[in-house]
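Q: In our numbering, the protein residues as written are 2 to 210.
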Amino acid sequence: MSQSGWDDTDAGAETGADGPAEREPSGTEERQPEATARGSPEAVGRHWLAGAVSGLIAGVAMGIVLHGALGLMPTIGALIGIETVIAGWAVHLFNSAAFGTLFVAIFDRAFFDDLRTDVGGYLSLGVIHSALLGMITGGLLLPVALAIEGATSLPVPTLPVPGLTATLEFGAVIAVAHLLYGLVLGRIFAAFTLVDAEIGWLPIDPVDR
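The following block contains the structure:
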């Protein structure tokens with residue numbers, strides 16, 4: 002058979018009787034359905050819910066430190082004009098959940114994808130978020146609450162230390178509380194969004210599979 006005949010046969014084998022042979026999907030094409038699922042309204046909604054729940058749990062941990070060390074809940078309650086422990090907890094937990102959704106709004110973006118691949122990255126983002134919140138709440142919300150309460154000094158720490166030492170202790174407690182908030186927020190949110198970041202006592206079906 003001529004060389005031309007062999008070429009025609011090979012072309013026919015590749016093309017097939019009904020036209021060009023179907024091309025195997027590449028790895029990129031296989032991942033497209035997953036990307037679509039992750040960007041679906043249901044997944045996006047679960048991310049917002051995950052942020053609120055993570056912020057709420059982190060707020061409980063933070064509140065225990067704030068109230069246990071500084072008795073700060075009545076002062077926080079003064080933001081709504083009710084200087085009680087219960088009002089303080091209500092305001093604090095509401096803000097904590099709201100700040101959790103703010104975490105999603107800021108960091109749940111493609112720009113931070115490199116940090117959102119493991120638990121360590123989420124912990125880092127959580128700490129950055131809580132540091133920013135610390136500057137806002139410590140520089141604005143807390144002074145407003147103290148002014149509403151009519152206080153002329155910072156809340157007295159539980160340890161009986163005077164003057165500058167007491168002020169330093171107050172600042173240290175606030176810093177530790179915000180650090181704890183950021184770590185817990187990042188860890189719980191990671192459990193919501195990473196398949197391999199589950200927490201034994203918190204059964205969660207991850208958003209991103």
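Where a beta carbon is used, it is the ideal one built from N, C-alpha and C, also for glycine.
Flag this pair as touching only if the region 168-185 and the region 106-115 have three or more C-beta atom pairs under 8 angstroms; answer yes or no.
A: no
Q: Please classify V145 as buried or exposed, where buried requires at least 16 other C-beta atoms within 10 Å of its C-beta.
A: Residue mapping note: residue 145 aligns to position 144 of the sequence shown, counting from 1. Result: exposed.
Q: Which of the three DSSP states, helix, strand or coil, is assigned to I83?
A: Taking the first residue of the sequence shown as 1, we reach residue 83 at position 82. Coil, per DSSP.
Q: State the Cα-Cα distance for the pair P75 and S41, rounded to the nearest angstrom.
A: Here residue 75 is taken as the residue at index 74 of the sequence shown, counted from 1. Here residue 41 is taken as the residue at index 40 of the sequence shown, counted from 1. Whole-angstrom Cα-Cα distance: 42 angstroms.
Q: With DSSP collapsed to three states, give me the class of G139.
A: The residue labelled residue 139 in the question sits at position 138 within the sequence shown. The answer is helix: DSSP assigns G139 an H, G or I state.
Q: Measure the C-alpha to C-alpha separation of A111 and H48 and round it to an integer number of angstroms.
A: Here residue 111 refers to the residue found at position 110 of the sequence shown. Here residue 48 refers to the residue found at position 47 of the sequence shown. Near 14 angstroms, if we compare the C-alpha coordinates of H48 and A111.
Q: Buried or exposed: which applies to G69, given that a residue is buried once 16 or more other Cβ atoms fall within 10 Å of its Cβ?
A: Reading the sequence shown from its first residue, position 68 is the one you call residue 69. Exposed, since its Cβ has fewer than 16 Cβ neighbours within 10 Å.
Q: Using 8 angstroms as the threshold, is the C-beta distance between A98 and G60 below it?
A: Locating residue 98 in the sequence shown gives position 97, where the first residue counts as 1. Locating residue 60 in the sequence shown gives position 59, where the first residue counts as 1. Their beta carbons are under 8 angstroms apart, which means A98 touches G60 by this criterion.
Q: Going residue by residue through the region 52-135, where are the continuous alpha helix (DSSP H) segments of at least 4 residues, counting only ones entirely within it?
A: 74-78, 86-108
Q: Got a sec? Which residues, its chain only, sit under 8 angstroms from G82 by beta carbon, not counting five neighbours each side?
A: Counting from one through the sequence shown, the residue named residue 82 turns up at place 81. Counting only Cβ-Cβ distances below 8 angstroms, and skipping sequence neighbours, we find I149.
Q: Between V105 and G52, which are expected to be in contact by the criterion C-beta below 8 angstroms, what is the C-beta distance as a whole number of angstroms?
A: Within the sequence shown, numbered from 1, the residue matching residue 105 stands at position 104. Within the sequence shown, numbered from 1, the residue matching residue 52 stands at position 51. So it is a contact: roughly 4 angstroms between Cβ atoms.
Q: Roughly how many angstroms separate the alpha carbons of L141 and A192, rounded to a whole number?
A: Numbered from its first residue, the sequence shown carries residue 141 at position 140. Numbered from its first residue, the sequence shown carries residue 192 at position 191. Between L141 and A192, the C-alpha separation is close to 32 angstroms.
Q: Tell me the rounded alpha-carbon separation between A143 and I77.
A: Translated into the one-based positions of the sequence shown, residue 143 becomes position 142. Translated into the one-based positions of the sequence shown, residue 77 becomes position 76. Position check: residue 143 holds Leu in this sequence, whereas Ala was assumed. Taking the straight line from one Cα to the other gives about 7 angstroms.
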